[in-house]
Each structure stands twice: as C-alpha cells, then as structure tokens.
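Residue numbers (our numbering): 7 to 270.
Glycine residues also receive a C-beta, built at the ideal position from the N, C-alpha and C atoms.
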Ligand code: ADP
Ligand code: MG
C-alpha cells in the first residue's frame, strides 16, 4: 500500500459477467455504510456502475472520458449518490470511452492519466474502487497504473482459475514497466451456489492457490443483487437484510479490518 491512508483498488478480471460491477457498487456501498468516504470510478464503456447507482448525468456533462483526456479534474466530475459517503465518477454514455481508449493506444508508452487525476484528490477519500472493463486494454492499464492493488472477483464456475492466469501475466508486465508494487491482493468468490459441488471445488482450488488473499466471506448467488441495479441503488438499500447485502457488508468489514474513516 502507498503512504497515505487512502486505498485504490482496481476491480478487474478480463471476463464479463463475473461480478466486477456488482462488487464495485455493493462493496462501495458497504464501505460507505461503515463511514468510509468511497469513490467508485466507472471505467467500463457500458457505464453500469454509474446507472446502477442512479447517476444519470446530462448528455454534455463531463465524465471520466474528459479526465482521461486531461481536460477535467476528477473532482469536477464526481457525483453524489443517494447513499451517504458514496460517490461515483461516471462513465459517458455511448461510444466516447471506447474512443478515448483508441486514442490511448496511440501513445507509445502508456501515460499515468488516471493516476495523476487520482493523486490530485487522493486525500479526500478513504477508498477508491475502479470498476474496470472486461478487457486488458489501455483503460485497464490506466487503472493498474493508478491502483495500489488489484481486487479480482472470481465467479464460481468452470475455468475460473484460467482467467486468473491471464490476469497475473498482465500484472507481471505492468509491474516491470509501470507500477512496481502492483499485486493481486484480494480474491472474492462470487455467485456461489451453496448446493453445488462446483462452487465448493472452485473455492477449494482458489484457497489452496492464494490462501489468505481470498476473502473468508463468499458472495452467494442472490437475486436481490441482480435486481438492485434496475432500482438504481445498492443491494444494501434495495434489500438491506438480504443474503447479498449481508455478504458484501461482511467483505467490507474484512477488507477494512482495524481501520477507521479519516477524520474530517
Ligand atoms: P461484470 O461487471 O464482471 O461484467 P456484473 O457485476 O455486471 O459483472 O454481473 C453480471 C450479471 O450477474 C449482472 O446481471 C449482475 O446483476 C449479476 N450478478 C452479479 N453478482 C451476482 C450475485 N452474487 N447473485 C446474482 N446475480 C449476480
Ligand atoms: Mg461490469
């Protein structure tokens, strides 16, 4: 971790539908509920983290796209949510973020655009969660340059660990060239079905491979988690006593164990 008591986590895995955005929203909401001032940065062109928390900005409002172009500060684009202590740096609607990514590819050497933007306001936050796209392109590389660590959600299904191998190869490259301290610090099992042997097999394999880096708490498959985005709120607000809400609260406690929100 870096010197300040702000933690920047890149929630990443180069596969869609594993629970990245669900984790960004609900872990973010659970950290916020514990009193931690939390910012979710939406780096996915699909913008699901923004819309899932009811952040619907006007068409011409600046977004993370302008921040990556170094046209706006992060502070200027941050939006509050209906949940206390929880804020979102929204992604643009439409193709804009994909266009920015195409521009970034033209850089010979990736520039720390997101890192610089975060560094300018880092002290304002306890946690910054980066909701990454399901690819290992330049948006994700920007996230990896800015992050203290990677947080990998692992869906309880076949081939779950293969995706992790690709991710760890990229992390090695980024570490050598761009961010020497980067590591996959956290693994979270998601969409676990209690009745299925498969979920248990994936869990055993993951714990064997990564030990203490795997959260003790597992996120169950819970329909309330899938419903919440259409209600434009976290599951903590949508269904406060659901298994999904309880699980993300428990993970937030594990993650922040021994830490208190910064005095403000
Ligand atoms: P990613 O961001 O990795 O693509 P999402 O978080 O968007 O994945 O999740 C993919 C889909 O699965 C979404 O429709 C989401 O609502 C649903 N989902 C995610 N986690 C759970 C869960 N624990 N239980 C039930 N549905 C889930
Ligand atoms: Mg997503």
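Nearest-angstrom Cα distance between residue 192 and residue 220? 6 Å
By the 10 Å Cβ neighbour count, where 16 or more other Cβ atoms means buried, how is residue 22 classified, buried or exposed? exposed
List the endpoints of the continuous beta strand (DSSP E) containing residue 158. 155 to 161
Segment contact, 8 Å Cβ cut-off, at least three pairs: the stretch 76 to 86 with the stretch 109 to 127: yes
Out of 132, 207, 135, 138, which one is the CA nearest neighbour of residue 165? 207
Coil, strand or helix - residue 13 by DSSP: strand
Compute the minimum distance between the beta carbon of residue 259 and the heavy atoms of the ligand ADP, and state whether it is under 7 Å. no
Between which two residues does the alpha helix (DSSP H) carrying residue 254 extend? 249 to 262
Can you tell me which residues fall inside 5 Å of the ligand ADP, judged by beta-carbon distance to its nearest heavy atom, and keep chain order? 22, 23, 24, 25, 26, 27, 28, 197, 225, 227, 228, 231, 232
Are there three or more Cβ pairs, one per stretch, closer than 8 Å when the stretch 55 to 62 is compared with the stretch 226 to 244? yes
I believe residue 97 touches residue 49 by the beta-carbon criterion, under 8 Å. Please report the beta-carbon distance rounded to the nearest angstrom. 7 Å
Could you say which of 86, 172, 73, 67 lies nearest to residue 38 if we only look at CA atoms? 86
Indicate the three-state DSSP secondary structure (helix, strand or coil) for residue 190 in the structure shown. strand
Counting beta carbon pairs with one atom in the stretch 28 to 42 and one in the stretch 132 to 140, are three or more of them shorter than 8 Å? yes
Assess contact between the stretch 65 to 74 and the stretch 103 to 122, defined as three or more Cβ pairs (one per stretch) separated by less than 8 Å. Is contact present? yes
Select from 156, 119, 222, 34 the residue whose C-alpha is nearest the C-alpha of residue 45. 34
Nearest neighbour of residue 234, chosen from 222, 224, 248, 223 [CA to CA]: 248
Cβ shell of residue 224 (< 6 Å), same chain only, five flanking positions each side left out: 195, 198
Span of the beta strand (DSSP E) holding residue 134? 133 to 137
Where the alpha helix (DSSP H) through residue 45 begins and ends: Run containing residue 45: none in the alpha helix (DSSP H); it sits in the beta strand (DSSP E), 44 to 48.
Start and end residues, alpha helix (DSSP H) containing residue 106: 102 to 111
Quick one, are the C-beta atoms of residue 267 and residue 43 less than 8 Å apart? yes
Within 7 Å: the Cβ of residue 50 and any heavy atom of the ligand MG? yes
Hey, is residue 54 close to the ligand MG, as in C-beta under 7 Å from one of its heavy atoms? yes
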